[in-house]
Amino acid sequence: MLLALDTAGPFCAVALATLEDGQINCHARREVEIGRGHAERLFPLIEECLADASATYSDLTAVATTLGPGSFTGIRIGVAAARGLALALQIPALGVDVLEALCEGIRHSEAGHCAAGLVAAILDAGRGNVFLRMEEISSREEIIASQREVQDEAAAFLAPYAFEGLVLCGAGADGIAGVLAGDGLPAIVADKRPSADIAMVARLALSGHAVNPPVPLYLRPPDAKPQTDKSLRRRLKTP
């Protein structure tokens, strides 16, 4: 049984899952929108899921966590928890790209079944930037690797694919769709989730679309910058 974790975004999510005949089976799941405080909520949610599934830590065969992009602190919490559990239980620790999991959600949705073309996952990266990834829906072929771009440049990357059945998802999808619409280009916004569905994180991990060991996928410099000598001297002089 796989333990899946997501602490990269505003949700703290946990699931216990297996993959049976190509179908994901979530034996238990918890998802709480908290913004911050993932460290305090993560292990209580894990314990609740284990209780719901009448399972113990010894029943786990692997643990997977989202790698980002997202909150620096949240990503570190998830990766540290996955590595720690894997070490203690002697099981594999796996990592899943949030944008890839968003694409996977569309692939297994009604929009994905109806569309014949491409899916682009877009999340707000702040300061006019977005996190972007694009895949071919049926083959999983990576068209645009996960990256951080200025919103208008991201829209320019997607514009040539607008007439190929382009489906957008993620909390940044509306902004990109608006830029494309301003240029007379079509785009379907199928989902506006700010975080990946934890079931899709589990699906990717169980189907071999994960990295081992998990390594944070930040895609941007941290918001908190190290202090310079000048700023330190200024603080020391302040009474």
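Mapping the sequence shown onto UniProt numbering, position 167 (from 1) lands on 167, and the numbers just tick up by one.
Note that CB positions come from ideal geometry on N, CA and C, so glycine has one too.
Values in this document were obtained by computation on a predicted structure and should not be read as measured data.
The shortest CA-to-CA distance from residue 19 to any of 61, 99, 127 is the one to 61.
Across the structure, residue 117 and residue 135 are spaced so that their CA atoms are roughly 9 Å apart.
DSSP, read as helix, strand or coil, puts residue 152 in helix.
Cβ contact annotation for residue 105 (same chain, cutoff 6 Å, sequence separation greater than five): 197, 200, in chain order. Residue pairing by DSSP places residue 68 opposite 97 in a beta bridge.
Beta bridge pairing from DSSP links residue 12 with 32. DSSP places residue 79 within a helical segment (H, G or I) once states are collapsed to three. Looking at the backbone, the Cα of residue 139 and that of residue 11 are separated by about 29 Å.
When the beta-carbon positions are compared, residue 171 and residue 189 stay at least 7 Å from each other. The region 85-104 makes no contact with the region 23-41, as fewer than three CB pairs between them are under 8 Å. Residue pairing for residue 23: DSSP places it in a beta bridge opposite 20. Here DSSP, grouped into helix, strand and coil, assigns residue 215 to coil.
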